[in-house]
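Using this note's numbering, you'd call the opening residue of the sequence shown number 334 and step up by one each time.
A virtual CB, placed ideally from N, CA and C, is assigned to each residue, including glycine.
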Amino acid sequence: MILWHIYPIRCILVSQIIYSNFSSGILRLADHTTHKKTIAKSAGMVSIALMCSRVLGLVREQVFAGLFGAGFTYDSFVVAFRIPNLLRDLFGEGALSAAFVTVFSAYDSNRPQIDTWKLASNVLTFILILLSILTLTGIYFADSIVNLLASDFHTIPGKTELTIQLTRIMMPFLIFVSLSAVVMGILNTKRRFFIPALASSFFNIGSLVGGTSLAFILPHYGQPAIVGMAIGTLIGGALQLGGQIPALLKTGFRYKPLLKMNDPGLLRILKLMIPATVGLSATQINLFVNTNFAASCGDGAVSWLYYAFRLVQLPIGVFGVALSIAMLPVLAKQAAQKKITEMKETMVASLTMVFALTLPATAGLIILSEPIIRLIFEHGAFTAKDTFATAQTLSFFSIGLFAYSANKVLVPAFYALNKTQFPVIASFMAVIFNIIIVKLTIDQYQHLAIALSTSCTMLLNFIFLMVVLYKSMNGFSISYLVKGLFKILCATAALIVFLLVCSPFFISWFNGNILQQSIALFILISGAAGLYTLILMTLKLEELQSFTDKIKTRLLKRNP
């Protein structure tokens with residue numbers, strides 16, 4: 334039954350796949366510089382790989398929803414998995430990844446190959462030792478950490494104990510995913526983007542197949558099914574790392590067990606990591622605060638927030654993260670070569686792409702939140718009540734979607750300019766505003782206050798980072814951004830009207846069987862996406878016109 338749901342998911346995401354391919358053309362054709370072509374090609378490949386990962390991730394969440402619903406068991410899993418993920422954001426896809434790519438790119442451009450590979454080996458060894466110590470510490474103090482993170486779980490018998498057990502099982506995931514991030518940084522710097530972006534798919538496949546199998550086997554041996562899913566995350570983490578090794582070996586890299594603490598490259602990475610880690614620690618404080626608040630909102634609140642945020646991460650990952658991954662090595666090289674003008678062009682083009690891709694996605698997710706959640710998750714243990722609660726949460730998260738994605742593009746520019754203090758300041762501002770907003774609204778909105786606060790803080794972060802980056806780069810073409818944004822907003826307004834007018838005609842289908850729900854959403858999303866694209870073409874959005882011209886050229890070449 335779960336496999337059948339892959340088709341509806343693909344239907345839901347058709348417009349995002351079209352936009353993803355569209356993004357590959359924008360930068361390739363908007364400017365004929367080598368760097369923009371590189372980013373466009375890279376972003377296109379990464380978007381395809383990330384789309385695979387996100388779809389597999391949704392299938393994984395479907396399995397969880399079907400088996401465990403939203404409540405006691407899944408609340409425990411979410412909190413337990415969040416603990417290694419708090420550190421993962423620091424050492425995996427956060428401070429370490431950005432700092433390593435910055436330094437490794439400089440080595441790759443300016444130093445002999447042997448020095449570059451020595452740096453990679455040294456960093457891998459250092460990270461392995463450091464994270465092994467952190468993992469063992471987390472396992473030992475799991476009970477204290479869980480009681481601190483979700484103190485209200487103790488009001489439900491057995492919930493805290495289950496969370497502690499799952500935490501101890503999943504803590505080693507931190508090692509796998511952090512080493513994977515370093516390998517990803519090496520491959521991205523060597524312009525090999527597809528396999529690293531596909532690595533998350535390896536994780537989803539491993540955790541889905543291994544976890545689900547163990548979930549059916551372990552209850553026969555006295556263990557709850559959710560323990561099998563926890564072990565599945567370790568299997569997935571190992572595959573995420575191992576799946577990149579063949580591509581890494583093809584670059585010529587051979588790992589050597591080397592640890593040199595006074596190595597200038599390692600010291601520079603650590604120096605870059607310090608302010609970034611402090612900044613990301615603010616993000617982790619936000620997660621801690623939000624998890625604590627969610628745990629106090631009753632059974633199911635943690636699960637509803639997690640399911641909704643996982644869904645809104647789809648466009649963030651495909652658009653924001655794809656561009657961020659593709660941009661960072663290019664921006665680092667441009668900064669090292671003092672090519673500030675090209676950096677400005679890269680930033681403006683990338684932000685235009687973000688707006689063009691995320692604003693219609695925001696509108697679609699808000700208007701169609703309930704039928705989307707019903708189609709994807711309302712099966713097995715996931716009830717109609719869970720659908721309604723998760724859909725409301727998704728709508729609130731979606732408000733800040735464009736800002737969240739834009740921030741993914743803005744932050745690498747600060748790393749490249751070696752001005753990491755500003756994302757740090759922005760992060761701590763977010764902590765303060767988050768606590769204030771949640772405190773003021775949680776009594777009235779309960780778990781929805783957390784989603785609302787997340788969106789508001791992302792919007793504030795975006796405004797702050799845009800202003801500071803504009804001043805740091807001595808300005809960039811705001812007029813180009815505003816002109817493109819006006820056209821995008823006009824097209825998005827038409828998309829909204831289309832969905833509001835047409836959706837009532839499909840209400841009975843939204844409440845029908847899976848096939849009816851799939852067809853209804855496919856028609857609405859395809860129609861909205863087509864209208865949006867048509868209006869942008871009518872308004873002559875430069876990037877879209879360049880993309881369509883390129884398609885025509887390719888077709889003519891194939892059919893002379």
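Boundaries of the alpha helix (DSSP H) in which residue i is found, first to last residue
i      : result
ASN767 : 754 to 778
MET517 : 506 to 522
ARG707 : 702 to 710
GLN646 : 634 to 648
PRO557 : Note, PRO557: premise wrong, no alpha helix (DSSP H); not H, not E.
ILE732 : Note, ILE732: premise wrong, no alpha helix (DSSP H); not H, not E.
LEU828 : 811 to 835
MET791 : 781 to 805
PRO529 : 527 to 550
ARG501 : 492 to 503
PHE288 : Outside the modelled stretch of the chain, which goes from 334 to 893, sits residue 288, for which no answer is possible.
LEU750 : Where LEU750 is concerned, there is no enclosing alpha helix (DSSP H), given that its DSSP letter is neither H nor E.
ALA428 : 428 to 443
Residue i, DSSP secondary structure in three states
i      : result
THR679 : helix
ALA624 : According to the sequence as given, residue 624 is Thr; it is not Ala. THR624: helix per DSSP, three-state reduction.
TYR737 : helix
LEU360 : Bear in mind that the predicted position of LEU360 carries a pLDDT of just 40, short of 50, making it unreliable; the figure below should be weighed with that in mind. DSSP places LEU360 in helix when its eight states are reduced to three.
THR463 : The sequence shown places Leu at residue 463, rather than the Thr named in the question. LEU463 falls in the helix class under three-state DSSP.
LEU874 : coil
SER484 : helix
ASN846 : coil
HIS365 : With a pLDDT of 41 at HIS365, under the threshold of 50, the modelled position of that residue is not reliable, and the figure given next carries that caveat. The answer is coil: DSSP assigns HIS365 none of H, G, I, E or B.
TYR588 : coil
PRO579 : helix
CYS630 : coil
ASP719 : helix
MET594 : coil
GLY404 : coil
LYS418 : Residue 418 is actually Asn in this sequence, not Lys. Three-state DSSP puts ASN418 in a helix.
GLY808 : coil
ALA382 : helix
ILE618 : helix
ILE852 : helix
ILE489 : coil
ALA724 : helix
PHE688 : helix
ALA413 : helix
PHE474 : coil
ALA714 : coil
PHE355 : Residue confidence for PHE355 is low, a pLDDT of 36 falling below 50, so the modelled location carries little weight; the figure read from the coordinates is stated next. Note: PHE355 maps to helix in three-state DSSP.
Short CB-CB distance (under 8 angstroms) between residue i and chain D
i      : result
THR493 : Looking at the structure shown, chain D is missing, and only one protein chain is on hand.
Decide if the stretch 502 to 514 is in contact with the stretch 562 to 579; the criterion is three or more beta carbon pairs, one per stretch, under 8 angstroms apart. The stretch 502 to 514 vs the stretch 562 to 579: in contact.
Looking at C-beta atoms only, is the number of pairs between the stretch 772 to 787 and the stretch 454 to 464 that lie closer than 8 angstroms three or more? Contact fails: fewer than three Cβ-Cβ distances are below 8 angstroms.
Cβ contact check for the stretch 750 to 763 and the stretch 690 to 701: 3 or more pairs under 8 angstroms: With the cut-off at 8 angstroms, the stretch 750 to 763 and the stretch 690 to 701 do not touch.
Are the stretch 511 to 524 and the stretch 541 to 551 touching by the rule of at least three beta carbon pairs closer than 8 angstroms? Contact between the stretch 511 to 524 and the stretch 541 to 551 is absent, because fewer than three Cβ pairs lie under 8 angstroms.
State whether the stretch 849 to 862 contacts the stretch 715 to 735, with contact taken as three or more CB pairs (one from each stretch) at a distance under 8 angstroms. Too few Cβ pairs lie closer than 8 angstroms, so no.
At least three beta-carbon pairs within less than 8 angstroms, the stretch 706 to 720 to the stretch 394 to 412: Touching, yes, given that three or more Cβ pairs across the two stretches are closer than 8 angstroms.
Pair every Cβ in the stretch 574 to 584 with every Cβ in the stretch 530 to 538, then say whether three or more of these pairs are closer than 8 angstroms. The stretch 574 to 584 vs the stretch 530 to 538: in contact.
Within 8 angstroms, do at least three Cβ pairs link the stretch 688 to 697 to the stretch 820 to 837? Between the stretch 820 to 837 and the stretch 688 to 697 there are three or more C-beta pairs closer than 8 angstroms, enough to call the two in contact.
Would you say the stretch 781 to 788 touches the stretch 621 to 633, given that touching needs at least three Cβ pairs under 8 angstroms? A contact exists between the stretch 781 to 788 and the stretch 621 to 633.
When the Cβ atoms of the stretch 405 to 421 are set against those of the stretch 466 to 484, are three or more pairs found closer than 8 angstroms? The stretch 405 to 421 vs the stretch 466 to 484: in contact.
contact_flag[the stretch 796 to 809, the stretch 830 to 850] where n(CB pairs < 8 angstroms) is 3 or more: Cβ pair count under 8 angstroms is below three, so no.
Do the stretch 594 to 614 and the stretch 524 to 532 meet, that is, are 3 or more Cβ pairs less than 8 angstroms apart? Under the three-pair Cβ rule at 8 angstroms, the stretch 594 to 614 does not count as touching the stretch 524 to 532.
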